[in-house]
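Trainee: Got a structure for you, questions after.
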Amino acid sequence: MSVKRRDLLLGGGGVAATLAVGQLASSDSASAQAPRAPAKWQRDADVVVIGSGACGLPAAIAAREAGASVILVEAEKDIGGHAITSGGNVPLGGGTSVQKKYGIDDSPDLLFRDLTDWSVVEPNGFPDYRYNDREIIRAFADNSAATFEWLVAHGVIFVDKAPDAFGGTSVGNSVPREMHSAAMDWPMVQTGKPADPMIQKMLSTGNGLMRPLEAAAKKAGVQILLEHKMTAIFREQPAAGRVVGIAVDNNGRTLNIRARKAVIIATGGFTGNVNFRRMFDPRLTEEYCGLAGMPWSNQDASGELAGMAIGASLWGFYNQTGEFGSNLTKPGTIGTQFGYVNLKWMPGSAVFDRARASGLSVANWQDLILVNMIGRRFYDETGGQFTANDYGSIKDYKQGNYLNAKNTKYSPNNFIDAALAGIGDGHNGGGPIWAIFDADAVTREKWDPKPPNVDIKAGLFFSADTLGDLAKKIKMQYQRVPMPPENLEQTVARYNSFVDSGVDEDFGKPKPLHKIEKAPFHAAWATPVVHDSRAGLRINAKCQVMDMNAKVIPGLYCGGESAGGFSQHGLARAACQGYIAGKNAVVEKA
Ligand SMILES: Cc1cc2nc3c(=O)[nH]c(=O)nc-3n(C[C@H](O)[C@H](O)[C@H](O)COP(=O)(O)OP(=O)(O)OC[C@H]3O[C@@H](n4cnc5c(N)ncnc54)[C@H](O)[C@@H]3O)c2cc1C
Numbered sequence: 000m001s002v003k004r005r006d007l008l009l010g011g012g013g014v015a016a017t018l019a020v021g022q023l024a025s026s027d028s029a030s031a032q033a034p035r036a037p038a039k040w041q042r043d044a045d046v047v048v049i050g051s052g053a054c055g056l057p058a059a060i061a062a063r064e065a066g067a068s069v070i071l072v073e074a075e076k077d078i079g080g081h082a083i084t085s086g087g088n089v090p091l092g093g094g095t096s097v098q099k100k101y102g103i104d105d106s107p108d109l110l111f112r113d114l115t116d117w118s119v120v121e122p123n124g125f126p127d128y129r130y131n132d133r134e135i136i137r138a139f140a141d142n143s144a145a146t147f148e149w150l151v152a153h154g155v156i157f158v159d160k161a162p163d164a165f166g167g168t169s170v171g172n173s174v175p176r177e178m179h180s181a182a183m184d185w186p187m188v189q190t191g192k193p194a195d196p197m198i199q200k201m202l203s204t205g206n207g208l209m210r211p212l213e214a215a216a217k218k219a220g221v222q223i224l225l226e227h228k229m230t231a232i233f234r235e236q237p238a239a240g241r242v243v244g245i246a247v248d249n250n251g252r253t254l255n256i257r258a259r260k261a262v263i264i265a266t267g268g269f270t271g272n273v274n275f276r277r278m279f280d281p282r283l284t285e286e287y288c289g290l291a292g293m294p295w296s297n298q299d300a301s302g303e304l305a306g307m308a309i310g311a312s313l314w315g316f317y318n319q320t321g322e323f324g325s326n327l328t329k330p331g332t333i334g335t336q337f338g339y340v341n342l343k344w345m346p347g348s349a350v351f352d353r354a355r356a357s358g359l360s361v362a363n364w365q366d367l368i369l370v371n372m373i374g375r376r377f378y379d380e381t382g383g384q385f386t387a388n389d390y391g392s393i394k395d396y397k398q399g400n401y402l403n404a405k406n407t408k409y410s411p412n413n414f415i416d417a418a419l420a421g422i423g424d425g426h427n428g429g430g431p432i433w434a435i436f437d438a439d440a441v442t443r444e445k446w447d448p449k450p451p452n453v454d455i456k457a458g459l460f461f462s463a464d465t466l467g468d469l470a471k472k473i474k475m476q477y478q479r480v481p482m483p484p485e486n487l488e489q490t491v492a493r494y495n496s497f498v499d500s501g502v503d504e505d506f507g508k509p510k511p512l513h514k515i516e517k518a519p520f521h522a523a524w525a526t527p528v529v530h531d532s533r534a535g536l537r538i539n540a541k542c543q544v545m546d547m548n549a550k551v552i553p554g555l556y557c558g559g560e561s562a563g564g565f566s567q568h569g570l571a572r573a574a575c576q577g578y579i580a581g582k583n584a585v586v587e588k589a
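Residue numbers for the sequence shown follow numbering that gives the first Met the number 0, so the first one is 0 and each next one is one higher.
Right, dumping it as structure tokens:
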């Protein structure tokens with residue numbers, strides 16, 4: 000169902016019937032009422048895993064190798080979730096073989112203390128680790144190195160170099176832990192082709208993490224059911240007793256799959272579900288439809304909603320509400336719905352029909368201005384997104400020392416907050432952000448502003464010979480008020496005067512360099528991109544899901560972005576929790 004509705008996405012010219020991907024999820028998701036277990040099951044296995052991403056595949060393999068029969072259901076046409084689209088930067092530490100090889104002295108205790116260090120704050124002042132659940136972090140710290148060795152044993156090849164600090168956020172400040180899964184010769188989901196042979200062993204990508212795990216799962220005998228979307232989880236009684244199975248939708252056909260021992264939720268989070276994400280930040284309304292990782296897979300909260308419908312508790316809200324690293328990002332490519340800086344969809348990709356455009360990668364933010372719905376600038380365009388913390392980012396870091404906050408180099412950099420501030424008309428969301436540039440910028444950036452690089456059909460890219468005409472052309476579903484042409488003309492005239500004087504009197508952009516004066520003029524979608532889920536279902540050290548009374552829901556497990564209590568960007572916590580959940584699910588009594 001969601002695929003068909005996605006195809007309606009963002010029709011041009013402000014057509015009211017169009018939908019954004021972010022709007023889809025709540026109606027697709029499990030009901031808020033506890034569902035009744037079916038009388039008949041069409042399939043069964045000891046362990047049923049929901050989702051084939053960074054958590055789900057390790058969970059399925061670990062459970063299968065421990066002797067359980069395993070069915071893994073995946074909503075999409077292919078495996079991998081956000082993980083396969085990812086940068087493959089995997090911060091597993093605590094004393095891995097590679098850390099040892101390079102003389103890096105790490106241990107589970109050091110990792111635990113790092114990830115619970117109250118004294119660490121990001122350069123914008125938000126504390127990374129203060130609100131982490133100690134039980135969950137202890138389990139991660141104790142299993143982190145083992146998960147790394149397990150990934151290697153299951154065919155993942157890491158770039159042959161010392162662990163570094165590249166690519167992660169909130170991964171602990173004492174020692175470098177970041178490892179990088181190498182692309183090798185697996186076809187890249189972004190292009191449909193393997194990476195250039197010259198860089199296959201050096202290029203860090205999620206393709207190199209997930210394809211080997213898919214192969215390992217198949218070899219182990221995990222049954223992978225693609226295009227099987229979980230729609231409900233069942234307990235013996237609607238809201239009591241063991242979890243006994245799930246319902247799935249397979250292209251309109253409903254199947255009930257019995258789980259003799261356990262169900263593992265590995266559905267990857269909720270940031271694509273507008274209503275769900277707004278529980279944490281009311282500003283994140285529908286226009287933030289360019290979720291990182293889409294359209295390969297969505298984060299529609301279906302795991303959380305199905306869990307909550309049978310009594311599960313949510314956990315760790317602050318980690319989602321806080322302004323961390325890549326939770327919300329400045330787009331790196333413009334003129335496309337999916338502008339996440341590290342993910343560019345090319346026409347050879349299997350999902351290009353849904354991505355529709357690759358976008359124009361911005362090399363230099365001096366080449367354009369960013370304006371809000373009413374054609375006003377709101378920030379220094381060279382500004383960045385929320386800041387991040389990692390090894391080496393605090394001078395003289397000492398675990399648990401109050402001086403860490405003092406030694407942090409603060410940089411409030413609230414570009415994202417400025418973009419989300421909107422136009423002061425009482426609405427929650429900031430509305431579309433448009434990149435405005437001229438023909439000279441196109442030359443400087445070497446852009447080709449035509450499809451398939453830009454998405455004209457969906458109303459994400461406009462061109463005109465005058466600025467006034469450009470403003471009049473900007474029409475699409477989230478442009479809830481027309482852009483006054485005189486505003487855009489005045490904004491550009493004022494900006495051009497800053498280029499003459501060399502001083503941006505409004506927002507302090509460092510020495511504005513280029514006037515916007517040569518037709519044609521362009522407006523490209525440049526709205527912030529939603530990225531991480533850092534809150535989710537409450538779990539314990541074994542990744543068992545807990546209810547509102549802090550009681551384990553028997554037979555239900557969760558990990559990765561659908562689990563709460565752990566503020567860290569991605570792959571490591573997901574893979575480690577999958578490994579933990581898979582092992583524990585097997586020992587459940589059938
Ligand atoms: C572009 C990008 C780059 C990233 N780079 C990095 C990085 O370099 N390092 C890092 O640590 N993290 C990175 N991340 C984050 C990381 O990829 C995620 O945190 C991680 O993949 C989360 O794992 P998961 O298993 O929870 O979810 P996912 O990997 O997203 O897997 C969830 C799976 O569940 C499926 N699913 C959802 N609902 C259902 C349902 N109802 N029924 C059946 N299946 C369902 C989805 O289709 C998906 O396949 C990146 C993310 C993106 C998008």
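Built from N, CA and C at the ideal position, the CB exists for glycine as well.
Indicate the three-state DSSP secondary structure (helix, strand or coil) for M545 in the structure shown.
Mentor: For this step, residue 545 is matched to residue 546 along the sequence shown. In this structure, M545 counts as strand in the three-state DSSP scheme.
Trainee: Pick helix, strand or coil for W149, following the three-state DSSP scheme.
Mentor: The residue given as residue 149 occupies position 150 in the sequence shown. Three-state DSSP puts W149 in a helix.
Trainee: Measuring only from the beta carbon, is D299 closer than 7 Å to any heavy atom that is part of ligand 1?
Mentor: Working through the sequence shown from its first residue, we reach residue 299 at position 300. Yes - ligand 1 has a heavy atom lying nearer than 7 Å to the Cβ of D299.
Trainee: Distance, Cα to Cα, V529 vs W314?
Mentor: On the sequence shown, position 530 is the one that residue 529 refers to. On the sequence shown, position 315 is the one that residue 314 refers to. Using only the alpha carbons, I get a separation of about 20 Å.
Trainee: Given 7 Å as the limit, tell me if K228 has its C-beta closer than that to any heavy atom belonging to ligand 1.
Mentor: Here residue 228 is taken as the residue at index 229 of the sequence shown, counted from 1. Yes, the beta carbon of K228 sits closer than 7 Å to at least one heavy atom of ligand 1.
Trainee: Give me the DSSP bridge partner(s) of M229.
Mentor: As a first step, residue 229 must be located in the sequence shown, where it is residue number 230. Paired residues: V247.
Trainee: Once you ignore the five residues that flank R176 on each side, which residues in its own chain have a CB closer than 6 Å to its CB?
Mentor: Translated into positions along the sequence shown, residue 176 becomes position 177. So the list reads P90, G92, P162, V170, once near-sequence residues are dropped.
Trainee: Should G251 be labelled buried (16 or more other beta-carbon atoms within 10 Å of its own) or exposed?
Mentor: Walking along the sequence shown from the start, residue 251 turns up at place 252. Exposed, because fewer than 16 other Cβ atoms sit within 10 Å of the Cβ of G251.
Trainee: State the Cα-Cα distance for the pair A522 and P330, rounded to the nearest angstrom.
Mentor: Along the sequence shown, one-based indexing puts residue 522 at 523. Along the sequence shown, one-based indexing puts residue 330 at 331. Their Cα atoms are separated by approximately 14 Å.
Trainee: Closer than 7 Å: is that where the CB of C575 sits relative to any heavy atom of ligand 1?
Mentor: For the purposes of this step, residue 575 is identified with residue 576 of the sequence shown, where counting begins at 1. Checking the Cβ of C575 against ligand 1 gives no.
Trainee: Taking Q41 as the reference, which of G50, S51, L56, I70 has the closest Cα?
Mentor: Counted from its first residue, the sequence shown places residue 41 at position 42. It is I70 whose Cα lies nearest to the Cα of Q41.
Trainee: Assuming V158 and K200 form a contact by the criterion Cβ under 8 Å, report the distance between their Cβ atoms to the nearest whole angstrom.
Mentor: Taking the first residue of the sequence shown as 1, we reach residue 158 at position 159. Taking the first residue of the sequence shown as 1, we reach residue 200 at position 201. Correct: roughly 7 Å between the Cβ atoms.
Trainee: For P211, collect the residues of the same chain with a Cβ closer than 7 Å to its Cβ; drop the 5 residues on either side in sequence, then sort them by chain order.
Mentor: In the sequence shown, the residue the question calls residue 211 occupies position 212. Correct list, in chain order: H153, G154, V155.
Trainee: Please report how far the alpha carbon of L662 lies from the alpha carbon of Y130, in whole angstroms.
Mentor: Shown here, the chain extends from 0 to 589; a query on residue 662 therefore has no answer.
Trainee: Since I believe G205 is in contact with A82 (beta carbons under 8 Å), could you give me their beta-carbon distance rounded to a whole number of angstroms?
Mentor: Taking the sequence shown and counting its residues from 1, the one referred to as residue 82 is at position 83. Taking the sequence shown and counting its residues from 1, the one referred to as residue 205 is at position 206. The Cβ separation is near 5 Å, so the contact holds.
Trainee: Strictly by DSSP, which residues pair up with L110?
Mentor: Stepping through the sequence shown from its first residue, residue 110 is reached at position 111. Its beta-bridge partners do not exist; DSSP assigns none.
Trainee: Go ahead and pull the three-state DSSP assignment for E485.
Mentor: Position 486 of the sequence shown holds residue 485. Helix, per DSSP.
Trainee: Do three or more CB pairs link the region 117 to 133 to the region 176 to 193 at distances below 8 Å?
Mentor: They do not touch, by the three-pair rule.
Trainee: When the Cα atoms are used, what is the spatial distance from C575 to G569?
Mentor: Position 576 of the sequence shown, counted from the first residue, corresponds to residue 575. Position 570 of the sequence shown, counted from the first residue, corresponds to residue 569. For C575 and G569, the distance between alpha carbons rounds to 10 Å.
Trainee: Ignoring anything shorter than 3 residues or poking outside the region 129 to 190, list the beta strand (DSSP E) runs there in chain order.
Mentor: Here the runs fully enclosed are 177 to 179.
Trainee: Quick check: is any heavy atom of ligand 1 less than 7 Å from the C-beta of I49?
Mentor: Against the sequence shown, residue 49 aligns to sequence position 50. Yes.
Trainee: What do you reckon, are the CB atoms on N172 and V221 nearer than 8 Å?
Mentor: Reading the sequence shown from its first residue, position 173 is the one you call residue 172. Reading the sequence shown from its first residue, position 222 is the one you call residue 221. It is not a contact, given that the beta carbons lie outside the stated cut-off.
Trainee: Quick one: Cα of P519 to Cα of D437, how far?
Mentor: Your numbering for residue 519 matches position 520 in the sequence shown. Your numbering for residue 437 matches position 438 in the sequence shown. Approximately 6 Å between the Cα atoms of the pair.
Trainee: Helix, strand or coil for N206, going by three-state DSSP, please let me know.
Mentor: Along the sequence shown, read from residue 1 onward, the residue named residue 206 stands at position 207. It is helical.
Trainee: Measure the CB-CB distance between V544 and K260 and report whether it falls below 8 Å.
Mentor: Walking along the sequence shown from the start, residue 544 turns up at place 545. Walking along the sequence shown from the start, residue 260 turns up at place 261. Contact flag unset, no.
Trainee: Could you tell me if M183 is buried or exposed, where buried requires 16 or more neighbouring beta carbons within 10 angstroms of its beta carbon?
Mentor: Your numbering for residue 183 matches position 184 in the sequence shown. That one is buried.
Trainee: Among A404, S532, Y494, K456, which one has its Cα closest to the Cα of G507?
Mentor: Sequence index remark: in the sequence shown, residue 507 carries index 508 (1-based). The candidate whose alpha carbon is nearest that of G507 is Y494.
Trainee: Which whole runs of the alpha helix (DSSP H) in the region 368 to 432 are 4 residues long or more, in chain order?
Mentor: For the region 368 to 432, whole alpha helix (DSSP H) runs of length 4 or above, ordered along the chain, are 402 to 405, 414 to 419.
Trainee: Taking 8 Å as the cut-off, decide whether the C-beta atoms of G321 and F565 are in contact.
Mentor: If you number the sequence shown from 1, residue 321 lands on position 322. If you number the sequence shown from 1, residue 565 lands on position 566. No, they are not a contact pair.
Trainee: Is the Cβ-Cβ distance between N249 and E226 less than 8 Å?
Mentor: The residue you call residue 249 lines up with position 250 of the sequence shown. The residue you call residue 226 lines up with position 227 of the sequence shown. Against a cut-off of 8 Å, the Cβ pair of E226 and N249 comes out as a contact.
Trainee: Report yes if the C-beta of V72 is less than 7 Å from at least one heavy atom of ligand 1; otherwise report no.
Mentor: To locate residue 72, count along the sequence shown from 1; it is residue 73. Yes, the beta carbon of V72 sits closer than 7 Å to at least one heavy atom of ligand 1.
Trainee: Rounded to a whole number of angstroms, what is the C-alpha to C-alpha distance between I473 and A525?
Mentor: Against the sequence shown, residue 473 aligns to sequence position 474. Against the sequence shown, residue 525 aligns to sequence position 526. For I473 and A525, the distance between alpha carbons rounds to 13 Å.
Trainee: Cβ-heavy atom distance between A291 and ligand 1 below 7 Å?
Mentor: Locating residue 291 in the sequence shown gives position 292, where the first residue counts as 1. Yes, the beta carbon of A291 sits closer than 7 Å to at least one heavy atom of ligand 1.
Trainee: For A311 versus I552, is the C-beta distance shorter than 8 Å?
Mentor: In the sequence shown, counting from the first residue as 1, residue 311 sits at position 312. In the sequence shown, counting from the first residue as 1, residue 552 sits at position 553. Contact: yes.
Trainee: If you scan the region 484 to 538 from start to end, which runs of the alpha helix (DSSP H) of 4 or more residues do you find wholly inside it?
Mentor: Complete alpha helix (DSSP H) runs here, min 4: 484 to 500.
Trainee: May I ask you to report which of helix, strand or coil DSSP gives F351?
Mentor: For the purposes of this step, residue 351 is taken as the residue at position 352 of the sequence shown. Residue state, collapsed to three classes: helix.
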